[in-house]
Amino acid sequence: MSATAVHSLWTTAADPIQKIDAPNIEYGQLSPTLIVIGAAVVGILVEAFVPRRSRYYVQVFVSVVALAAAFAAVVGLAASGYGTTKAGIAAMGAVAVDGPALFLQGTILLAGVLGVFTFAERRLDPVAHGNRVDSFAAQAASVPGSDSEKAAVKAGFTTTEVFPLLLFAIGGMLVFPAANDLLTLFIALEVFSLPLYLLCAVARRKRIMSQEAAVKYFLLGAFASAFTLFGIALLYGYAGSVSYATVAQVVDGTVQTVNPALAGTMGNDALLLIGGAMVVMGLLFKVGAVPFHMWTPDVYQGAPTPVTGFMAAATKVAAFGALLRLLYVVLPGLRWDWRPVMMGVAVVTMLGGAIVAITQTDIKRLLAYSSIAHAGFILAGVIATTPDGVSSVLFYLAAYSFVTIGAFAVVTLVRDAGGEATHLSKWAGLGRRSPLVAAVFAVFLLAFAGIPLTSGFAGKFAVFKAAAEGGASALVVVGVISSAIAAFFYIRVIVLMFFSEPRPEGPTVAVPSPLTMTAIAVGVAVTLVLGVAPQYFLDLAGQAGVFVR
Amino acid sequence: MSFPLLTATAALPAIGAIATAAVPAARRTAAKWLALLVSLATLVLAVVVLVRFDPDGDRYQLTESHSWIKDFGVRYELGVDGIAVALIALTALLIPFVILAGWHDADPLETRSSRWRPTQGFFALILGVEAMVIISFEATDVFLFYIFFEAMLIPMYFLIGGFGDRAHAGSDEHAAAQRSYAAVKFLLYNLAGGLIMLAAVIGLYVVAGNFSLQEIAEARANGSLDMATNTERWLFLGFFFAFAVKAPLWPLHTWLPNAMGESTAPVAVLITAVVDKVGTFAMLRFCLQLFPEASKWATPAILVLALISIVYGALLAVGQRDIKRLVAYASISHFGFIIMGIFAMTSQGQSGATLYMVNHGISTAALMLVAGFLITRRGSRLIADYGGVQKVAPVLAGTFLIGSLATLSLPGLAPFVSEFLVLVGTFARYPVIGIIATFGIVLAALYTLVLYQRTMTGPVKPEVSAMPDLKVRELVVVAPLIALLIFLGVYPKPLTDIVNPAVKQTMSDVHKKDPKPDVEAAK
């Protein structure tokens, strides 16, 4: 036997070693995400190597610069036509660079900047042991109430890790609405969820509650992720691919070739329906739609308020972006199957959020239920399944996220000896004591309630109009009814602030640093500008309303 | 480009509101004078509008049109017809009196902290309401109208809830609770109405593709825009519901007595004489023009509701023990007349209704403001706490009497003309309803005269014996209103000349001709 023959016993013959093609990555088009993730990695290195004293400043600097650079990159991409004519798929089909993706990324980045500002606020709590403190635990790992916690507080430790965590979350959120295959979707979901779970757990005050919130969020979130993953597996079994385009083609019936390995399952509608439903379920969990909303009030209440504000705004933007893409790109062929279900979800979400909010006595829980009701309003726009539907949702998300961050930033200001005074009864007479703060909060509440001349009205009008044009008039009627119900509890807070006598032992309003002030001022400005002159932003959302396939 | 007169008329009080709010806390009096001057300047502009308006000219005059929110098909379109001009003039006329009458209503109590600036807020909010009311009379774009129709609720809400009547029977806390109840009730009723209307506004857009009143009305008239019967009816009901809450029409009226009872007299005047007029005005301008067929379809039901308002409001007014609530129920009865006049679909009825809006504004302002002066003096709203005031304060009693007589539509005073026209107009088409409505006048005589008798005549109650008569500021408020009531009662022609062409237009919108005998034919 010749050497060659022997050799052939355990090798296949003669094929030269296949070259692995280097993946073709469009770094330019992916730059917003890359910048943010890169800055997050830098942030981790900062934690490791920069002396404790200067970490805070370095972290804030790195975060703000990175987010600003990423935003500039988004604007640059949009300006050079990637939102419209040059829209395409990048990173080997994994990520879409198109109008909706860029619009939502821009919104998330701006929300992120304001989020960093509120995270970095260090003037609200009284100085402890000569050190300025922020809203986060001195040392997250020390047991609440233990000696090690006291030692950490005394030493002036701060959890500056929140900034890289925030950047990681933003990085995930940037990919989430742009994900163009199911695996990228899942990875982005995990990348932004895990840092958020952690961030929820690191409140400086009421630490047990904060940790409880994090555990709840984590367990339920993990559960929802598992659903999504299982759904993805089923969809793979159905289509033989995780790419959005391929799944969509199989749904449409344009792809007939059957992958021999999946011959038994491919094209099986049961897999498609169950798989699609499970993936959508995971996304509905993230947006906090009824009946997947149970985590929202507890997490919103327990998490440190800056985290709540950021999460409420940015998570909703990212998750609705992903939901839109999934429903408009992957499952349009199934429209007649998912529309009735989603309509049902939208109806119970609007009504459920609005009705349960009435009984709330904690301002953060109230805002949590209000966010549920708003998820319902946005779903009404999603269901329209028209280009107008997409642009109205984009506009609503942008408007809503600034109102939300601003409102939660105001919540951080109203404090008593125990930290933030979130119980509603403590807000009585705030308008008498601090007219300006109360007036600003009233503006946000009126925007939530959708009163004309605020961004909330323009957004609500846009989604309801899209829904009515898309043939979902019933949703519009339910929408206005739940708006009327929702108006009741927003107005109740205004009554409390302006028409009740202040309590003698009531909370004080802390004077924040320019950071929080900027966040609030930007929130008010955007709320009023989008309310009075929304045309430019509607145009922007309108141009961004087309998904690439 | 010509001077945007209509925008200026609305923008001036808006700017004035911001300026007033910005006056430093210590300069309270300056804020009052500023507000008064702004309201007088607005009155001047309104008079200019009145003079520049040509009754025999185009339907909408002094029009302005700019692109605003293209994506929603919304334009910034203003224009006035005779009805709008009359109501803008009424609004601009009443606000200075409201400000003057409420001169001391928002002076800070000593118990409040110094950072609380109620005075500036009070007058700024009044001017804000004025701006929004004026622009909603001017808007010929449905969306533009809707925005201000809704937005005016917010300043109104703060006026009701933040500046209550200090003459409250109960404790301070009780008063505050009552007041915020009234404010919330006001807001929720009107907001619910407005949101229902929002659904209809969106529906209108889906059907018509834009919001321009003129374009839609024209398209409806020449048949290029066809609405399914049911669609039109639903849309009509959506609009009408909001206007009926605002007007207010039975059974959506219950917020009005609370709101008027708990707020100060000038704010009560603002509610009933100014803000509520937007509701009846909008019925004429939007319901009839946009949905003529549905309006005719709904007429019988609306007339019955209006009739119930007239009789029920009057009966409840008879039974009131509280002066301000009495005026509130009287207003409900009067709004019944206005709505009846609008939907009688005769030109007498509709011009009567328009005159009624103006006259009711003036007469209620006169009665309510004098009642406010009375209540401030005695510190009580209960009729039973008064007696014999005419012996102590004859001028106050005399002006109160004239206000009362105007409310019961005594011939020679302005409301008589309008009430008569409404009744004639209704009788011509619906005799039975016209006859029953006439009982409203009888009841009006009962509640106003009994009110006068119990408070002003009889033995002088000890608590009233030291009551001072009207001061100069108060006379300045009341005298011009009374003069106007007498003038328009004797010589209503200037008003009817402005209003009649617009009414004729509206009548042709709904394809209705006057039943015989026709006024025009008789000439």
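Protein chains in written order, with our numbering: chain A, 55 to 603; chain B, 1023 to 1545.
In this text, a Cβ means the ideal position worked out from N, Cα and C, and glycines have one as well.
Keep in mind the model is a prediction, meaning the values are calculated, not measured.
Secondary structure at residue i, three-state DSSP: helix, strand or coil?
| i | result |
| --- | --- |
| Glu-80 (chain A) | coil |
| His-477 (chain A) | strand |
| Phe-1357 (chain B) | helix |
| Ile-1552 (chain B) | Past the edges of chain B, shown from 1023 to 1545, lies residue 1552 (chain B), and the structure says nothing about it. |
| Arg-1403 (chain B) | coil |
| Arg-1134 (chain B) | In this prediction, Arg-1134 (chain B) scores a pLDDT of 49, lower than 50, which makes its location untrustworthy; the coordinate-derived value is nonetheless stated afterwards. In the structure shown, Arg-1134 (chain B) sits in coil (DSSP, three-state: anything other than H, G, I, E or B). |
| Leu-594 (chain A) | helix |
| Arg-469 (chain A) | strand |
| Phe-190 (chain A) | strand |
| Thr-562 (chain A) | strand |
| Leu-1034 (chain B) | helix |
| Asn-185 (chain A) | strand |
| Asp-416 (chain A) | strand |
| Ser-1369 (chain B) | helix |
| Ser-297 (chain A) | strand |
| Ile-74 (chain A) | coil |
| Met-55 (chain A) | Low confidence applies here, because Met-55 (chain A) scores a pLDDT of 49, under 50, leaving its location unreliable; read the following figure in that light. In the structure shown, Met-55 (chain A) sits in coil (DSSP, three-state: anything other than H, G, I, E or B). |
Is it the case that the Cβ atoms of residue i and residue j are separated by a distance below 7 Å?
| i | j | result |
| --- | --- | --- |
| Ala-1287 (chain B) | Leu-1220 (chain B) | no |
| Leu-499 (chain A) | Ile-548 (chain A) | yes |
| Ala-1282 (chain B) | Arg-1399 (chain B) | Looking at the sequence itself, residue 1282 (chain B) is Met, so the reference to Ala does not match. Contact: no. |
| Pro-1537 (chain B) | Ala-1450 (chain B) | yes |
| Tyr-1168 (chain B) | Leu-1209 (chain B) | no |
| Asp-352 (chain A) | Ala-267 (chain A) | yes |
Could you tell me if residue i is buried or exposed, where buried requires 16 or more neighbouring beta carbons within 10 angstroms of its beta carbon?
| i | result |
| --- | --- |
| Met-385 (chain A) | Position check: residue 385 (chain A) holds Leu in this sequence, whereas Met was assumed. Label assigned to Leu-385 (chain A): buried. |
| Gln-1372 (chain B) | buried |
| Asn-78 (chain A) | exposed |
| Leu-1056 (chain B) | buried |
| Trp-390 (chain A) | exposed |
| Met-348 (chain A) | exposed |
| Gly-1079 (chain B) | exposed |
| Val-1289 (chain B) | buried |
| Ser-1136 (chain B) | In this prediction, Ser-1136 (chain B) scores a pLDDT of 42, lower than 50, which makes its location untrustworthy; no coordinate-derived value is stated. |
| Val-1512 (chain B) | exposed |
| Val-1073 (chain B) | exposed |
| His-1382 (chain B) | buried |
| Gln-1475 (chain B) | exposed |
| His-1275 (chain B) | buried |
| Gln-159 (chain A) | buried |
| Ala-133 (chain A) | exposed |
| Leu-220 (chain A) | buried |
| Val-197 (chain A) | exposed |
| Gly-1101 (chain B) | buried |
What does residue i reach in chain B if we use C-beta pairs closer than 8 Å?
| i | result |
| --- | --- |
| Lys-370 (chain A) | Near Lys-370 (chain A) there are no residues of chain B at all, since even the closest Cβ is about 22 Å away, more than 8 Å. |
| Gly-596 (chain A) | Asp-1093 |
So what does residue i bridge to, in DSSP terms?
| i | result |
| --- | --- |
| Leu-1100 (chain B) | B:Glu-1086, B:Ala-1161 |
| Gly-142 (chain A) | A:Val-151 |
| Ser-1246 (chain B) | The partner list for Ser-1246 (chain B) (beta bridge, DSSP) is empty, contrary to what the question assumes. |
| Trp-1519 (chain B) | Checking the sequence shown, residue 1519 (chain B) turns out to be Asp, not Trp. Partner(s): none; Asp-1519 (chain B) has no beta bridge. |
When the cut-off is 7 Å and only beta carbons count, does residue i lie next to chain C?
| i | result |
| --- | --- |
| Gly-1283 (chain B) | Judged by its chain identifiers, the structure shown contains no chain C, and its protein chains are A and B. |
By the criterion of Cβ-Cβ separation under 7 Å, what are the contact partners of residue i in chain B?
| i | result |
| --- | --- |
| Phe-542 (chain A) | Leu-1210 |
| Phe-272 (chain A) | What Phe-272 (chain A) touches in chain B: nothing, since even the nearest Cβ is about 38 Å away. |
| Ala-538 (chain A) | Leu-1213, Ala-1214, Leu-1217 |
Along chain A, which residues have their Cβ under 9 Å away from the Cβ of residue i?
| i | result |
| --- | --- |
| Gly-1225 (chain B) | Ala-522, Ser-527, Val-530 |
Name the chain A residues whose beta carbon is nearer than 7 Å to that of residue i?
| i | result |
| --- | --- |
| Arg-1049 (chain B) | Per Cβ cutoff of 7 Å: no residues; Arg-1049 (chain B) is ~17 Å from chain A at best. |
| Asp-1172 (chain B) | Looking at the sequence shown, residue 1172 (chain B) is not Asp but Glu. What Glu-1172 (chain B) touches in chain A: Ile-505, Pro-506. |
| Val-1228 (chain B) | Ala-522, Glu-523 |
| Ser-1202 (chain B) | Val-549, Phe-553 |
So which residues of chain B does residue i contact, with C-beta pairs closer than 9 Å?
| i | result |
| --- | --- |
| Pro-588 (chain A) | Ile-1091, Asp-1093, Phe-1094 |
| Val-112 (chain A) | Per Cβ cutoff of 9 Å: no residues; Val-112 (chain A) is ~40 Å from chain B at best. |
Residue i touches chain A at which residues, Cβ-Cβ below 8 Å?
| i | result |
| --- | --- |
| Phe-1167 (chain B) | Those within 8 Å of Phe-1167 (chain B) in chain A number zero; the least Cβ separation is about 10 Å. |
| Ala-1205 (chain B) | Val-549, Phe-553 |
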